[in-house]
Structures are given as C-alpha cells and as structure tokens.
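*Asks:* Residue numbers (the working numbering), protein chains in the order written: chain V, 2 to 638; chain Y, 845 to 1296.
Quick one: the structure is below, and I'll ask about it shortly.
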Amino acid sequence: MINSKQVKSVLLAAATWLCLPNGVSAVEQPGLVLIENYCLDCHDSDSQKGEVDLEAALGAKPLVKNMDLWRTVISRIENGDMPPKKKPQPKPEEKERLLNWLDSEINHFDYSQVDNPGYEPVRRLTHIEFSNTLRDLLGLDLNLVADFPIDLSGTSGFENSANTLFLQPILMERYLSAVDKAVEATVPLDSKPSADSPVFVAWPSGKITEREAARKIIDRFMLRAFRRPPTEDEAKEFQGVYARSRKAGESFEMAIRRALGAALVSPAFLLKSEIAQDTDESYQLSDYELACRLSYYLWASMPDDELFQLAAEKRLAKPGVLAEQVTRMLADPKAGTLGSVFAAQWLGFDALGVRVRLDPIDNPWCTDTLMAAMKKESAMVFTALVRENRPLKNLIDSKNTFVNEELAKFYKLKGVEGMAMRRVSHTDKRRYGLFGQASVLAVTSSPHRTSPIRRGEWILNSLLGTPPPPPPPDVGELDEEIEESRKLSFRQKLEMHSKDPRCNSCHCEMDPLGFSLENYDWFGRWRTKSRGRTIDAKGKLPSGTEFEGPVGLRKVILAEKLDDLARQVIRKMLSYALGRQLEYYDEPAVRKILATFEKDGYRMQTLVHEVVKSYPFQFRKNRVEPDNESKEVGNNG
Amino acid sequence: MAKSWQISRRTVLRAVGAAVSLPWLEAMQPLSALAVTPKRPKLRVGYLYFPNGVAKGGWEPEKVGGDGELLKLNKWMKDLEPFKEDILVARNIWTPRGNGHGAGTATWLTGGSYSGSRVSAGGASVDQIIARQVGKDTMLPSLDMSMKGEGYFSNSLPRNTISWVGEKLPATRDTNPRTIYDRMFRKASDGVTDKGVIDLVNGQARSLKRRVGRIDQQKIDEYLESLRSVERRMEFAEKQADKSALGQVKGMEFKRPQLGIPDNHEDYMRTMMDLMVLGFWSGATRVGSLMLDHGQSNRYFDFIDGVRGTWHALSHYRDISGKSEDDDGINSWKTVSQKRDMYNVITAWHNRQFAYMLGKMKSIDEGNGTLLENSMLLYGSSLGDGHAHGEENLPVVFAGGGGGTIKNGRFLKYRKNYSLSKYHLATMQRMGVGVEEFADAESPMSGLTKGV
Chain V
2 MINSKQVKSV LLAAATWLCL PNGVSAVEQP GLVLIENYCL DCHDSDSQKG EVDLEAALGA
62 KPLVKNMDLW RTVISRIENG DMPPKKKPQP KPEEKERLLN WLDSEINHFD YSQVDNPGYE
122 PVRRLTHIEF SNTLRDLLGL DLNLVADFPI DLSGTSGFEN SANTLFLQPI LMERYLSAVD
182 KAVEATVPLD SKPSADSPVF VAWPSGKITE REAARKIIDR FMLRAFRRPP TEDEAKEFQG
242 VYARSRKAGE SFEMAIRRAL GAALVSPAFL LKSEIAQDTD ESYQLSDYEL ACRLSYYLWA
302 SMPDDELFQL AAEKRLAKPG VLAEQVTRML ADPKAGTLGS VFAAQWLGFD ALGVRVRLDP
362 IDNPWCTDTL MAAMKKESAM VFTALVRENR PLKNLIDSKN TFVNEELAKF YKLKGVEGMA
422 MRRVSHTDKR RYGLFGQASV LAVTSSPHRT SPIRRGEWIL NSLLGTPPPP PPPDVGELDE
482 EIEESRKLSF RQKLEMHSKD PRCNSCHCEM DPLGFSLENY DWFGRWRTKS RGRTIDAKGK
542 LPSGTEFEGP VGLRKVILAE KLDDLARQVI RKMLSYALGR QLEYYDEPAV RKILATFEKD
602 GYRMQTLVHE VVKSYPFQFR KNRVEPDNES KEVGNNG
Chain Y
845 MAKSWQISRR TVLRAVGAAV SLPWLEAMQP LSALAVTPKR PKLRVGYLYF PNGVAKGGWE
905 PEKVGGDGEL LKLNKWMKDL EPFKEDILVA RNIWTPRGNG HGAGTATWLT GGSYSGSRVS
965 AGGASVDQII ARQVGKDTML PSLDMSMKGE GYFSNSLPRN TISWVGEKLP ATRDTNPRTI
1025 YDRMFRKASD GVTDKGVIDL VNGQARSLKR RVGRIDQQKI DEYLESLRSV ERRMEFAEKQ
1085 ADKSALGQVK GMEFKRPQLG IPDNHEDYMR TMMDLMVLGF WSGATRVGSL MLDHGQSNRY
1145 FDFIDGVRGT WHALSHYRDI SGKSEDDDGI NSWKTVSQKR DMYNVITAWH NRQFAYMLGK
1205 MKSIDEGNGT LLENSMLLYG SSLGDGHAHG EENLPVVFAG GGGGTIKNGR FLKYRKNYSL
1265 SKYHLATMQR MGVGVEEFAD AESPMSGLTK GV
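This is the structure:
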C-alpha cells in the first residue's frame, strides 16, 4: 500500500509538473535536481550517451510512461554503475533521496486517477488471420499465404501488434493474386457451387432472378468480409462491379467473381479498423467492433453468424450475452489459436523449426514432423488448460499432455501409435508441465548445446515478465580472460563472471533457474552427463530457497513466483487481445483482472472473461499523438 | 565496342519477337540518336549488405601506391583484383549510432539510431529516399531483395531490414527469384482486379481515412500507396509486350527463374545478383538493394571445403573453445588463426560473388559507358571486426563510376572515423535528390573524387 510520504511525493510531483514547462527541471524537486546534476551532463537530449536521453524521459509524464528505462536507471544507480567512477558522485544521502524519489514515482505511482482505455490502431490482418478469415468467409481452406513475405517480429512479441504490420507493394501484389485464387476456387464457372458454401445464400432459379440472387450474395458477402454492414454507397458500388461485368457480356459467375474479388481487395477486408467517434472522451465500441475484437482474440479469425446476429440486434455488449458468447467461443475448435498463436508467440515455441538444421546424417531423428508435433503439444496443452478451465498452476505442473507416435517415442512413452495427437499422462514426474516440454527446451537452446543463461532469461523474462536489467554498459557478456580459459566448465566460468557484484545481481537469479534444467539437452532429451561431467542441477535463489532439477524448479516457481506468472499471463493476454503493446494507463485494468483472477484460484476461463470485460477491451479513446516514448537502453544486440 | 552493342540490341529485339518500342529502355536508343545528343544513361544505385563483419585486417589492401592507388588487394579479396580500377576500398568508415547485429543492420542505410520499442530506424534509408525521387518513371521505384534467412533471427525485424520507406516503415523484401523476375517482366495479373475495382477501393480507402483517428491515417496511406504501385504496374504492363524472353544481354542468358528458392547457395545468390543487374539494365528500376544474409546470419558455409561452424560463430574468431553462446556445440577449433581463416574464407566467398556481379555489370555496354560505369554500388557490412563487434572500420567497397564522377582505383585511408552517411549524401546528390545534409553528414564524401 502507499504510505503518506509517497502520496505527498506524488502530489508534490504532480504540482510541480503543473507549473513547469515541458522538460524543464524543477528546483523544488529534489529528485529532478539530482538527476540534472549527476546525469544530464551525458544523458541530455543533445548527448544521449549510450542512447539514453533522460532529459526527454523527464519530460514524459508521468514517469511510469517509461517504466523500463527508469527501472534500468534505478538498477544502475543502486549498483553504482552510474554515474561512472570518473564522474562526480552523489553523496550517500543524495543517492538515497534520489532512489526513494524514483521508487515512489515508478514503483508506487498512484494509478487511481488514470482513465484511458487506449486505442487499437488500424492494422492489416496478420498472415494467420488472413488465412483463417478467408477459410471462414469462403468455407474453403486454401492456404494461400505460403508465399507471402514473412511477418517480421519486433520487440513487442506478438505478430498482431500494429506497429510491425506493414502493407507494402510486394504484399499488396500477393494479396491480389491470392484473391484471384480464392474467387476462382469459390465460384466455379461451369458448375453450381457447393450447397454448403457460406457464400451462396441464393442462386438464380425459376424463383429468383440473376439480378436478385447477385444482390443477396454480394450484400451478405460484404457484411461478412467487412465484418460490419456495408454502407448504402458501398453496397451500390460493389453491386456496380457485378452490373458492369454483366453489361460487358461476362457470365453471371464471372461477374460474381469480380464483385467478391473487389470486396476482398477492399481496405474494409484487408485492414482491421475501428471508426473514431468525434469526442475527446473515451467511448464504447460498436457491437460489430466488439464482435471483431472477440473473434480475432479467441479465434484469430472473423466473427461467425451468431456474433453478427447479436451485433445486428445490438445485444452483444450486454454482460450476460457477452459471457455466454465467450464460453461458447472457447468451446469451438477455432479457439485452438489461443495455444497455437497466443501461447506459441508468448512462450516463443512458434519459432521452433527454423532454429535447428535438419540433417539426416548427424541427427536423423530430428525431423520436420517431430518439430511440428512438439509445437502442437505445447499449443494443445495450453488450449486444453483454457478450454477445461484449469488453474494457471497446471501450466507448470500438469501431468497431462498430448503426443503422437513420433513424439511419444522421443519421450520414451509406450503404446502410442499413428500421426494423430492424443492425450496421455506422464508417469515420469520430471516431464510434468511446461518445463518438461521439448518445444520450449529446444527453442531456449543453441543448436547442439544448451544455454542455461538463455533458459534462465526465458523463465524470468518471457514466462514471468520480470526481466533482468541489461548488463552494465562496460561489462561484456563474459570477459575475455574467463572466456578464453579452457580449463573451466561453463558453469565455473559463469560463476567467476557472476562474482563481479554488478553481474551477480542478475545472474544470481537467472543462472540457478537455467541450470536446474541442465538435465535436458538442447533438444529436450534427458541426460545425466554433459561432456563427461555429471550434471549438477542444484541451485539457490536470492531468496535462499535451494532446489534441484525440473521437479525442484516447478515447486519453487509455484511457491514463490505464481503471482509473477499470473501478472505476466494477464499482461500478455491483454496485449494480444488488444493487438498493441500495453502502456502505463493499462495498469488499472491489469490490476482489476488480477484481483478477480486471484480470487478465483487463477482459473484460466476467468482470465479470458475478465480480459473481455476489461475497460481497454470494450472502450477506446482517440489518440492525438503517438505515446511519448523515449529511447530504450541496451537494444544493441 | 559499339558493334557488339548493336548485336546485343538485335538479339534482344529478336528475342522479344518484334521490334516493339521499349519506352523505358533509354539505353536502347539508336546510335544515330546518341551521336546527335551523346547523353549518358541515367545513374543507378545498388546496396549489397553482408552481416557479421570481417576479421581484423581482412579488408586492408596488400599494396597501395604513393597516391593511394590500389596496387594489390589482399588474398581474401583477390577475386576483386580484376576490378581494382572500378572500385574504392576504404579504411575507418563508421556508422554513428548503429551498433550490433540488429540496430547496426537496421540503420546501415539510415545513419540514425534504432529503437526496438518504437520500431524506428531514425529516418528513411538512402535507397528509399532516392527511389522516391527517381522512381516515378520506372516500373518499380526500387528493387528490395534479400537472400532467404536461415536459423536464429530469421524473422527478427531489425536484422532483416536495411531499407526504410519512412522512419517507422520498413520496406518489405522479396526473397523469391521468380516473383522478383515476374514483377519486372510479366504482365500484372489478368485477375479480377481491374482499373475499375482499383478506383472503387481507392475511393473506399479515402473515405475510411476520414473516419479513423489521425494516427491511423498513415496506415490507410500505406494501403493507398501499395494500391498505387499496383496500378502503376498495370499501366506499365499495358504498354508492354510480353518480355518474358527479354533477359538476354551480352554474356548473360537469363530465363525466368524456377519456382522456389534454389538449393545451391551460390546459384541462389548469383540469380539474385543477376536480377538486380537485369533490373538496372532494362530500366525496370534504378535503385536496388540485396541483403546477402540477415544481420546475424548463423548460416553454415560447410559447402566450402575446410569451413566448419556457423558464420556468426566464426566471426567471434578469438574464442576457439566452441562453447560460447554463439557456438553450435559440435564445432571447435585448434587455434585462433585456424578459426580466423575459416571466417576469412567466408568473406572471400562473398567477395567472389560480388566480383561476379561487377563482371556482369562491366560486360554490359550501354553505348556511353558500361552499366558499371553508370552505377554506384555500396558493398559491405555494418560490423567492423566481427569479434570486437564494433561499428568502427567497417568493411566497405564503393564500386562503379557514378557516371564518370568518381575517381576509382584507390584506397581511401581515413585516419579516424569517417561517417558512412557522407557517402550516402554523395550518392543522393548524384542521383538528383536536392539535399545538403543527411543524418549526421553535413557534407558529402569528398574522397570519391580526390585523395583523403
């Protein structure tokens, strides 16, 4: 809880900001003065030494806007890395005052006055969404995205993040040729289309004219492709495509192809956009927009007829209806994308496959099909966790998993035959939960060798959302002297490196976590020795807890880190649901979800329901300018 | 010389099937016209990027004359020896804020600094700025190509991006030779999207633009821009006969590439280089870039005798333990010099491919100078010494005559850090972009025309 001193400090800070021009330091502010005296010589907007611009960051208020930067600043000052030894040093009491001030501004900021649901920017569909949407729209699974230029990922983590989704000419050309293939497959020229096609709600016959059938087909298609009813003008114009084609002497089928094709090239189909209302206040999404957010969150695809119907009746946003829909949608097979897209990108196992070089001579057992099964396993385990409404802790300790014959052999499980994945229970406790899954063990390794640091970093950063700060500026990853000594084991080298107190503050947490998984080799196979040495999987956390191996790791995570894990899964899921990075103003929503999630014993469907109920999911606020972000530290890798 | 050129022109026209006029093939003007107004073909610019830097000393010429003339290149660069008079080799070229495999790659052509959280490279890249200026009259404003990545970081944005349309807008890169060829020489699709449909969705996008937030308008603009480029290709296609057989230049038979990525890495790379040459020669574009690998390539070059381990691991040549974070766990080395040699062999292999491209460009006579003389190429990396991991003393070669504006055949021996932005500025000015400054450069690189 916040004490009165902190409240005062926040109020004082707020008061100071109100009367000061942007970016000017305040004489009345002890923290600001100290930063100005000891940091801005190098880190003002002109010098930006090490790409750190604290002057700009001080101007970006509240300071929690640049949470990561300030946390790094705190750790640098705490460890004595900054200011550098050669520069004037703050007196001990000044240092304490500065750290207290930053602590209150960053770690104890009062969010109760923050009221901003944020803004989901216009973006194109990801390739996965494009593919799924076409599948549901046409009732055909065509896989037309194979030759699209790959979706690149930035540091935000999810591919659906608007700031990494670009629509460049090369992609537009691919869209056009995909659309051609799509309409050709949907509308045959020489036969009646399939009766169960969702596209042909009508077909010319004795009872209905061509013109009338075309109108029905195109109107319905536009609603579903645009994920909202077309405007009157739009309807007229797209009907016009049909009419022009007929007038030019083309067949009914060809004219339908052209009209459907036009709808698929339309920005209303290719872009996911929400309409801005003319207000400075926050406002609720329309029912159609809400249907869209829901379907892309839970299905990575378009809404279905039931959602469209509820949106048309303006009933979707009613709490009871909405909850019922979420439950229904989670039961649908399409919700498998929560595992295959959301969890895969959160935990990084979607990257498996491109990481390991297939080599039939050196590692014949390592096949495309095995890697596909490994990814599927982790995806299906996560999806089942949600679908069966299990508690979050099961992600870490469940004995249930999914395998096919090849993967079963890999895990040395007996009695599984065939390519199909099926549910099995591990009897070997070491394989329980996420830490026993080959997919994550492999993606956190280099080809042919494990990396305890990478595994430790993965646990802290990806899984728990408590990343270690970047290494101090003048320290290499392992200094050369240690690196070149061939006598030591990797663990010994790392221990020497970590003796440096500045390295130790992070490594003392990261290393034991990673080393506890050393019995899993670079592909997740169990081993007891590495390079002739018996593996030592014991570790001790800064908290003093000692543990050993994956079983010990599970226990320690559940006993000491479950709340970090819960916070992280909320933040990740909310970010994925919104298609954007979270900002400081999302913190109240995160806290609210956390409260309910925790009260309910961290049941996974509660999480999904709470995300859907949340303020940022149902509301938005126009954004005038991009968020004021300062440069980050340590992005050099 | 003129004679062989005429032959090549006839060959081309025969291949096309009829003496159709090729409106954008300026180089193809009849000789008589050239005699009246001897005009140089327009300048082209190309950027060829390789990752992971080079070993210390790996870029230093073996012998340099008193006035800086390149007398002999070192053994790793020996394939460039026949082109000594067509290139400049430089020492102490540096990028001000681009460090490492990610940020360095992303800012190689922007001279800015990279922010991962904002996905920003600090500015548009030099190739895209030039493309905006000179690309209006070509089928493709620029040709942005990459070798398809392998291993870690294959989908990392900064490691796969050297071209930026805008500060926050990376140019999407093509990796597929067939698609690249088709974009230049085949008719745009005969599919359902015709001019009428384009007008319709264009209008729809404009109306949408009025109804979304201000921040979103740039996303709609992206859509509109892409649509415009498609439209432009259609217009070009209308003027264009079937030129699928066009790819014949003296010494270069070029057929429509196979579908998919060639298995052989050298074939693949040379095909991509051919495509850039073809794009330049045919006038389909005047701006090209090719990433020879992504910015932290872990590719194995064990198809070369005696090379073991991934490129990135080899680049950290001072650590021979085989146990560092960069290693693959199966390869280790006996001595630093053994490992460094393997690293150098990979550098030499890339130099050989670049020499192949220079040879192609030099063999094409445009009537007034060769294609190489009418081009400016930058070939190099965003890392200096791969082990030290710095952005100082970058390995770069400037090639091509810049339309007679560059005095080649020299070693530019800068005494201290000299910004690559100055080269970018010099290039932009030669391409007719009216700028006086670029990123940190307030004046263009003077060494292109005189000693340093």
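Here a beta-carbon is modelled for each residue, glycine too, at the ideal position from N, C-alpha and C.
(1) Any heavy atom of the ligand MG closer than 7 Å to the CB of residue 1013(Y)?
(2) Give me the residue from 117(V), 96(V) and 542(V) with the minimum Cα distance to residue 587(V).
(3) Can you tell which of 1206(Y), 998(Y), 1237(Y) and 1162(Y) has the C-alpha that lies nearest to the C-alpha of residue 1136(Y)?
(4) What is the rounded straight-line gap between the Cα of residue 434(V) and the Cα of residue 84(V)?
(5) What residues from the region 158 to 173 of chain V come within 8 Å of chain Y, judged by C-beta to C-beta, listed N to C?
(6) Under the rule that 16 or more other beta-carbon atoms within 10 Å means buried, what is residue 602(V), buried or exposed?
(7) Counting only the same chain and skipping the five closest in sequence on each side, list residues whose C-beta sits under 6 Å from that of residue 161(V).
(8) Cα-Cα, which of 1022(Y), 1066(Y) and 980(Y) is closest to residue 989(Y)?
(9) Run down chain Y in chain order and give the residues with a C-beta less than 8 Å from the C-beta of residue 269(V).
(10) By how many angstroms is the C-alpha of residue 313(V) removed from the C-alpha of residue 306(V)?
(11) For the putative contact between residue 1226(Y) and residue 948(Y), defined by C-beta atoms under 8 Å, what is the C-beta separation to the nearest angstrom?
(12) Among residues of its own chain, excluding the 5 on either side of residue 1113(Y), which ones have a beta-carbon nearer than 8 Å to its beta-carbon?
(13) Going by the beta-carbon positions, is the gap between residue 1045(Y) and residue 263(V) smaller than 8 Å?
(14) Who are the neighbours of residue 1212(Y) on chain V, taking C-beta pairs under 9 Å?
(15) What do you get for residue 980(Y), buried or exposed, if any count of 16 or more other CB atoms within 10 angstroms of its CB means buried?
(16) Which chain Y residues sit within Cβ distance under 8 Å of residue 235(V)?
(17) Buried or exposed: where does residue 906(Y) fall if 16 or more other Cβ atoms within 10 Å of its Cβ makes it buried?
(18) List, in order along the chain, the chain Y residues whose C-beta lies closer than 9 Å to that of residue 262(V)?
(19) For residue 1263(Y), write down the residues that DSSP places opposite it in a beta bridge.
(20) Run through the DSSP bridge pairs and tell me what residue 1258(Y) is partnered with.
(21) Spell out a yes or no on whether the region 517 to 529 of chain V and the region 424 to 440 of chain V are touching, meaning 3 or more CB-CB pairs, one atom from each, closer than 8 Å.
(22) Return the first residue and the last residue of the beta strand (DSSP E) that residue 989(Y) is part of.
(23) Along chain Y, which residues have their Cβ under 8 Å away from the Cβ of residue 181(V)?
(24) Give me the subset of the region 49 to 79 of chain V whose CB atoms are less than 9 Å from a CB atom of chain Y, sorted by chain position.
(25) Who are the Cβ neighbours of residue 615(V) in its own chain at under 8 Å, not counting the five residues just before and after it?
(26) Out of curiosity, what's the CA-to-CA distance linking residue 1058(Y) and residue 1110(Y)?
(27) Please state whether DSSP places residue 142(V) in a helix, a strand or coil.
(28) By a C-beta neighbour count over all protein chains shown, 10 Å radius and 16 as the cutoff for buried, is residue 362(V) buried or exposed?
(29) If you scan the region 416 to 479 of chain V from start to end, which runs of the alpha helix (DSSP H) of 4 or more residues do you find wholly inside it?
(30) Using a Cβ-Cβ cut-off of less than 7 Å, list which residues of the region 508 to 533 of chain V approach chain Y; keep chain order.
(31) When the Cβ atoms of the region 194 to 204 of chain V are set against those of the region 134 to 152 of chain V, are three or more pairs found closer than 8 Å?
(32) Determine whether the beta carbon atoms of residue 145(V) and residue 1063(Y) lie at a separation below 8 Å.
(33) Could you say if the region 1145 to 1161 of chain Y and the region 1170 to 1185 of chain Y meet the contact criterion of at least three C-beta pairs nearer than 8 Å?
(34) At a Cβ threshold of 8 Å, is residue 1064(Y) touching chain V?
(35) Quick one: what does DSSP say residue 285(V) is sitting in, helix, strand or coil?
(36) Quick one, which residues of the region 110 to 128 of chain V are near chain Y if we go by CB-CB under 9 Å, in chain order?
*Replies:* From the atom records:
(1) Although the ligand MG was asked about, the structure shown includes no ligands whatsoever.
(2) Along the first sequence, one-based indexing puts residue 587(V) at 586. Its Cα nearest to that of residue 587(V), the residue 117(V) stands out among 117(V), 96(V) and 542(V).
(3) Within the second sequence, numbered from 1, the residue matching residue 1136(Y) stands at position 292. Considering only alpha carbons, the answer is 998(Y).
(4) Within the first sequence, residue 434(V) is the residue found at index 433, counting from 1. Within the first sequence, residue 84(V) is the residue found at index 83, counting from 1. Distance between the alpha carbons of residue 434(V) and residue 84(V): 44 Å.
(5) 163, 164, 165, 167, 168, 169, 170, 171, 172 and 173
(6) What you label residue 602(V) is simply residue 601 of the first sequence in a count that begins at 1. Its Cβ having fewer than 16 others within 10 Å, residue 602(V) is exposed.
(7) Walking along the first sequence from the start, residue 161(V) turns up at place 160. Closer than 6 Å at the Cβ level, and outside the excluded window around residue 161(V), lie 127 and 580.
(8) Position 145 of the second sequence holds residue 989(Y). Nearest of 1022(Y), 1066(Y) and 980(Y) to residue 989(Y), Cα basis: 1022(Y).
(9) For the purposes of this step, residue 269(V) is taken as residue 268 along the first sequence, with counting starting at 1. Within chain Y, the residues near residue 269(V) are 1048 and 1052.
(10) In the first sequence, residue 306(V) corresponds to position 305, counting from 1. In the first sequence, residue 313(V) corresponds to position 312, counting from 1. One C-alpha to the other measures close to 10 Å.
(11) Counted from its first residue, the second sequence places residue 1226(Y) at position 382. Counted from its first residue, the second sequence places residue 948(Y) at position 104. Contact flag correct, Cβ pair sits at about 4 Å.
(12) What you label residue 1113(Y) is simply residue 269 of the second sequence in a count that begins at 1. So the qualifying residues of the chain are 991, 1136 and 1197.
(13) Translated into positions along the second sequence, residue 1045(Y) becomes position 201. Translated into positions along the first sequence, residue 263(V) becomes position 262. For residue 1045(Y) and residue 263(V), yes; Cβs fall inside 8 Å.
(14) Numbered from its first residue, the second sequence carries residue 1212(Y) at position 368. Here the premise fails: no neighbours, minimum Cβ distance about 32 Å.
(15) Taking the first residue of the second sequence as 1, we reach residue 980(Y) at position 136. Residue 980(Y) comes out exposed.
(16) Position 234 of the first sequence, counted from the first residue, corresponds to residue 235(V). Within 8 Å Cβ-Cβ: 1048.
(17) Counted from its first residue, the second sequence places residue 906(Y) at position 62. Its Cβ having fewer than 16 others within 10 Å, residue 906(Y) is exposed.
(18) Along the first sequence, read from residue 1 onward, the residue named residue 262(V) stands at position 261. Neighbours of residue 262(V) across chain Y, judged by C-beta separation under 9 Å: 1035, 1036, 1037 and 1041.
(19) Indexing the second sequence from 1 puts residue 1263(Y) at position 419. Residue 1263(Y) is bridged to 938(Y).
(20) Position 414 of the second sequence, counting from 1, holds the residue named residue 1258(Y). Looking at the DSSP assignment, residue 1258(Y) forms no beta bridge with any residue, so it has no partner.
(21) Touching, yes.
(22) Residue 989(Y) sits at position 145 when you count from the first residue of the second sequence. Residues 987 to 990.
(23) Within the first sequence, the letter at position 180 stands for residue 181(V). By Cβ distance, chain Y contributes 1033, 1035, 1036 and 1037.
(24) 49, 52 and 69
(25) Looking up residue 615(V) in the first sequence gives position 614. So the list reads 575, 590, 593 and 594, once near-sequence residues are dropped.
(26) Here residue 1058(Y) corresponds to residue number 214 of the second sequence, with the count starting at 1. Here residue 1110(Y) corresponds to residue number 266 of the second sequence, with the count starting at 1. Taking the straight line joining both Cα atoms gives about 47 Å.
(27) Locating residue 142(V) in the first sequence gives position 141, where the first residue counts as 1. Note: residue 142(V) maps to coil in three-state DSSP.
(28) Reading the first sequence from its first residue, position 361 is the one you call residue 362(V). It counts as exposed.
(29) Within the region 416 to 479 of chain V, the complete alpha helix (DSSP H) runs of at least 4 residues are 439 to 444 and 453 to 459.
(30) 523
(31) yes
(32) Residue 145(V) sits at position 144 when you count from the first residue of the first sequence. Residue 1063(Y) sits at position 219 when you count from the first residue of the second sequence. Not in contact: residue 145(V) and residue 1063(Y) (Cβ atoms no closer than 8 Å).
(33) yes
(34) Stepping through the second sequence from its first residue, residue 1064(Y) is reached at position 220. Using beta-carbon distances, residue 1064(Y) counts as an interface residue toward chain V, with a partner under 8 Å.
(35) Residue 285(V) sits at position 284 when you count from the first residue of the first sequence. Residue state, collapsed to three classes: strand.
(36) 120, 122, 123, 124 and 125
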